[in-house]
Amino acid sequence: MAIAATVLGSATEPMVPALLKPLLDRGFKTDGNLDIWLVPFFLMLLFGARGLTAFVAQFGLARVTNLGLQKLRAAMFDKLLSAKLALFTDQSSSAIANTVVYEVQNGSHLLVNAVMRLARDVLSVLALVAYLLYLNWKLTLVVGLMFPAVIVVVRVLSKRLYRLTKESQRATDELAYVVEENVLAHRDVRLHGAQTVQAGRFHLLSVSLRNLSMKSTVTHAGMSALTQLMAAAALSAVISIALIQSAQGATTVGSFVAFITAMLLLIAPIKSLSDAATPITRGLAALERGVHLLDLIEDESSGSFKLARASGDIRFEGVSLRYKDDAAAALQDISLRVQPGETVAIVGTSGSGKSSLVNLLPRFRDPNAGQILLDGVPLQDWNLGALRSQIAFVSQHVVMLNDSIASNVALGQQLDRQKVITCLQAANLEKFIAELPQGIDTLLGHNAMQLSGGQRQRLAIARALYKDAPILILDEATSALDTESEQAVQQAIERLTLSRTSLIIAHRLSTIQHADRILMLDGGRLIESGTHAQLLAQGGAYSHLYKLGFSNDDAKSQSNTMS
Ligand SMILES: Nc1ncnc2c1ncn2[C@@H]1O[C@H](COP(=O)(O)OP(=O)(O)O)[C@@H](O)[C@H]1O
Ligand SMILES: [Mg+2]
Numbered sequence: 041m042a043i044a045a046t047v048l049g050s051a052t053e054p055m056v057p058a059l060l061k062p063l064l065d066r067g068f069k070t071d072g073n074l075d076i077w078l079v080p081f082f083l084m085l086l087f088g089a090r091g092l093t094a095f096v097a098q099f100g101l102a103r104v105t106n107l108g109l110q111k112l113r114a115a116m117f118d119k120l121l122s123a124k125l126a127l128f129t130d131q132s133s134s135a136i137a138n139t140v141v142y143e144v145q146n147g148s149h150l151l152v153n154a155v156m157r158l159a160r161d162v163l164s165v166l167a168l169v170a171y172l173l174y175l176n177w178k179l180t181l182v183v184g185l186m187f188p189a190v191i192v193v194v195r196v197l198s199k200r201l202y203r204l205t206k207e208s209q210r211a212t213d214e215l216a217y218v219v220e221e222n223v224l225a226h227r228d229v230r231l232h233g234a235q236t237v238q239a240g241r242f243h244l245l246s247v248s249l250r251n252l253s254m255k256s257t258v259t260h261a262g263m264s265a266l267t268q269l270m271a272a273a274a275l276s277a278v279i280s281i282a283l284i285q286s287a288q289g290a291t292t293v294g295s296f297v298a299f300i301t302a303m304l305l306l307i308a309p310i311k312s313l314s315d316a317a318t319p320i321t322r323g324l325a326a327l328e329r330g331v332h333l334l335d336l337i338e339d340e341s342s343g344s345f346k347l348a349r350a351s352g353d354i355r356f357e358g359v360s361l362r363y364k365d366d367a368a369a370a371l372q373d374i375s376l377r378v379q380p381g382e383t384v385a386i387v388g389t390s391g392s393g394k395s396s397l398v399n400l401l402p403r404f405r406d407p408n409a410g411q412i413l414l415d416g417v418p419l420q421d422w423n424l425g426a427l428r429s430q431i432a433f434v435s436q437h438v439v440m441l442n443d444s445i446a447s448n449v450a451l452g453q454q455l456d457r458q459k460v461i462t463c464l465q466a467a468n469l470e471k472f473i474a475e476l477p478q479g480i481d482t483l484l485g486h487n488a489m490q491l492s493g494g495q496r497q498r499l500a501i502a503r504a505l506y507k508d509a510p511i512l513i514l515d516e517a518t519s520a521l522d523t524e525s526e527q528a529v530q531q532a533i534e535r536l537t538l539s540r541t542s543l544i545i546a547h548r549l550s551t552i553q554h555a556d557r558i559l560m561l562d563g564g565r566l567i568e569s570g571t572h573a574q575l576l577a578q579g580g581a582y583s584h585l586y587k588l589g590f591s592n593d594d595a596k597s598q599s600n601t602m603s
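Quick note: the sequence shown, position 495, residue 535 per this note's numbering, numbers continuous.
Printed below as a string of structure tokens:
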């Protein structure tokens, strides 16, 4: 509809000068036999038709654009939910948000409007040129000689514009990233007096963004100025030639005015054609990022094996992991077996690969070598959703969504208020919740910033309790708790580990001593494995770590009570 309306609208373009010709040649002469009402009537008809086609074109266009944008956004967000996790380490969250929310919107509006305008302009130009040729082909050819020059100028400058646009986008992302970082790290920045450095960083980026923006404006403005100058040159040539022709009696006033009017009408679409490059290149560059997100980012791969509830038999066979090709291995040749229901503690100095090891189970990453089996089935063959439903994971970095406490605890599951309350009680949060005016319906706000670290961890433990999965992974899940709350949560954890296969990364002895087995990692290798007593008797790395008192004094006090 929009295309048809545009074609019709453009076809009416030469009709304005065409109406002037009879008006001037016959209307203002006493011997002219022109009906008085003819020209005004056609003028009204003409602009009525133009208004209608313009309206229909805009309406159709807006409908297509907005529908497309909505679908594109939905597809991008779906991608965000299913993309390989590498996406989130490769791109900052502000860049991703920027692409999904702003870039594609600006891009699609710019692009679609520009393309439609381009079509309208090209058609108008064609119609007007045809009319000009019909009126006076010699004159038209003289004007036509100017054309290639315009094209060359537009070509060269729009390439430059495209490059500048790309650079501005990258600079905008970096700027947004600096803001994001400083919002997140606002305390650290203040505490360490890093404001000057951060302000410098921001300043540098904003200056480069300003320069890029100026360059792009200069290019753009220069392009307009040059094309207008060329149009003026063409106009001057026409006037001169027409005057000569008129002196020879070869042209009438009506034809001359019609010709000039048609030419003047040409300037607007030609000028807009030279401008069309800007929104089109900007729009393309913006949409390209959206399409990149959709097309180039791979989805997580998933197998088809499903099981309602796994028994929790985990096997690692010669597993190695390398985050980047040139980086040192984070895990090297790990082989181990965890029996259903077993509680295994993983210890090791920081950076020894503990988190990397447990992150392999829900396939947040895939190992570079070796394989991992759950219930005898390789992880790649498991349906990803089914695999992840077997695992409750309390990570080092607890993230809460901006939703109610209840929805956060029941994340992704059917909400059962009574069960939520039971889990919160087990996670030792009932006193805290009781003090909230809205109880479990209290909204947590942006990443639950108003909660203390310990409260967030306990909320995450409640979430794990709620999920009630056969495999439990705790990655320093109690690191933010004080000794007292940890002891309270400890019972919840013990209850959690009771009927489940559990992998627990902890730096406190209180958690470790309940484990059936302890795995000691060092530099990505599994160096010791056994019970607390066995490893102590071995007198190896674990007993050394133990003597150092783990990471806290409470290990010493614990060891006193133990001994
Ligand atoms: N996302 C990542 N990208 C690159 N390297 C990483 C990433 N996560 C961890 N590493 C590296 O892998 C090694 C093991 O890290 P990690 O498993 O987090 O240790 P731990 O949990 O025992 O402290 C470290 O050298 C760390 O720098
Ligand atoms: Mg870790």
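From the three backbone atoms N, C-alpha and C, an ideal C-beta is built for every residue, glycine too.
Query                                                                                                                                                                                     : Result
With H, G and I counted as helix, E and B as strand and the rest as coil, what does DSSP make of Q285?                                                                                    : helix
Quick one: what does DSSP say W77 is sitting in, helix, strand or coil?                                                                                                                   : coil
Here's a check: name, in chain order, each residue in its chain whose Cβ is nearer than 6 Å to the Cβ of L338, leaving out the five neighbours to either side.                            : Looking at the sequence itself, residue 338 is Glu, so the reference to Leu does not match. For E338, where only same-chain residues beyond five positions count, the Cβ hits under 6 Å are K124.
Quick check on the DSSP output: the alpha helix (DSSP H) that includes A211 runs from which residue to which?                                                                             : F187 to L224
To the nearest angstrom, how far is it from the Cα of T537 to the Cα of G388?                                                                                                             : 21 Å
By the 10 Å Cβ neighbour count, where 16 or more other Cβ atoms means buried, how is G452 classified, buried or exposed?                                                                  : exposed
Which of the three DSSP states is assigned to P418 in this structure?                                                                                                                     : strand
When we look at the beta-carbon of N442 and count the other beta-carbons within 10 Å, is it buried (16 or more) or exposed?                                                               : exposed
Counting along the chain, where does the beta strand (DSSP E) carrying M560 start and finish?                                                                                             : R557 to D562
Under 7 Å: does the beta carbon of Y363 sit that close to some heavy atom of ligand 1?                                                                                                    : yes
Mind pulling the alpha helix (DSSP H) runs of 4 or more residues that sit fully within the stretch 292-373?                                                                               : 293-335
Are the beta-carbon atoms belonging to E214 and L252 less than 8 Å from one another?                                                                                                      : no
Given 7 Å as the limit, tell me if Q497 has its C-beta closer than that to any heavy atom belonging to ligand 2.                                                                          : no
Chain D beta carbons: is any one of them nearer than 8 Å to that of L101?                                                                                                                 : Structure shown: chain D not included; a single protein chain is present.
Going by beta-carbon coordinates alone, are I552 and A385 separated by less than 8 Å?                                                                                                     : yes
Quick one: Cα of E516 to Cα of C463, how far?                                                                                                                                             : 19 Å
Taking A189 as the reference, which of L324, L269 and G393 has the closest Cα?                                                                                                            : L269
Buried or exposed: which applies to S276, given that a residue is buried once 16 or more other Cβ atoms fall within 10 Å of its Cβ?                                                       : exposed
If I measure Cβ to Cβ from S599 and keep anything under 7 Å in the same chain, skipping five residues before and after, which residues do I get?                                          : No answer about S599 holds up, because its pLDDT of 39 lies below 50 and its placement is not dependable.
The alpha helix (DSSP H) that contains E524, what's its start and end?                                                                                                                    : T523 to L538
By Cβ distance below 6 Å, which residues in the same chain neighbour A51 in space, the five residues on each side in sequence not counted?                                                : A167
Who are A123's beta bridge partners in DSSP?                                                                                                                                              : D339
Cβ of S50 versus every heavy atom of ligand 1: is any distance shorter than 7 Å?                                                                                                          : no
Strictly closer than 7 Å from CB to any heavy atom of ligand 2: give me those residues in the order they appear in the chain.                                                             : S390, K394, S395, Q436, D515, E516 and I545
Might you give, ordered along the chain, the residues of its own chain that have their beta carbon closer than 7 Å to the beta carbon of T212, omitting 5 neighbours on each side?        : L249
Taking the alpha helix (DSSP H) that A154 falls in, what are its first and last residues?                                                                                                 : V144 to L175
Got a sec? Which residues, its chain only, sit under 8 Å from S525 by beta carbon, not counting five neighbours each side?                                                                : N468, G494 and R498
Beta-carbon within less than 8 Å of L173's beta-carbon, same chain only, minus the 5 sequence neighbours each way: which residues are those?                                              : T180
Take the Cβ of S603 as the centre, count every other Cβ of all protein chains shown within 10 Å, and call the residue buried at 16 or more, exposed below.                                : Summary for S603: the model assigns pLDDT 33, below 50, so the residue's position carries little reliability; its value from the coordinates is reported in the next sentence. The residue in question, S603, is exposed, as its Cβ has fewer than 16 Cβ neighbours within 10 Å.
Rounded to whole angstroms, what is the Cα-Cα separation between F87 and W77?                                                                                                             : 16 Å
Thinking C-beta only, is R540 closer than 8 Å to I511?                                                                                                                                    : yes
Could you check whether the stretch 315-330 touches the stretch 189-204, counting it as contact only if at least three pairs of C-beta atoms, one from each stretch, sit closer than 8 Å? : yes
So what does T541 bridge to, in DSSP terms?                                                                                                                                               : I511
Per DSSP, what are the beta-bridge partners of F433 in this structure?                                                                                                                    : I513
Since S392 and D556 are thought to touch, with beta carbons under 8 Å apart, how far apart are those beta carbons, to the nearest angstrom?                                               : Rounded, the Cβ-Cβ distance is 21 Å, inconsistent with contact.
Tell me the rounded alpha-carbon separation between N592 and T523.                                                                                                                        : The pLDDT assigned to N592 is 47, lower than 50, so where the model puts this residue is not dependable; a value taken from the coordinates is nonetheless given after this. One C-alpha to the other measures close to 10 Å.
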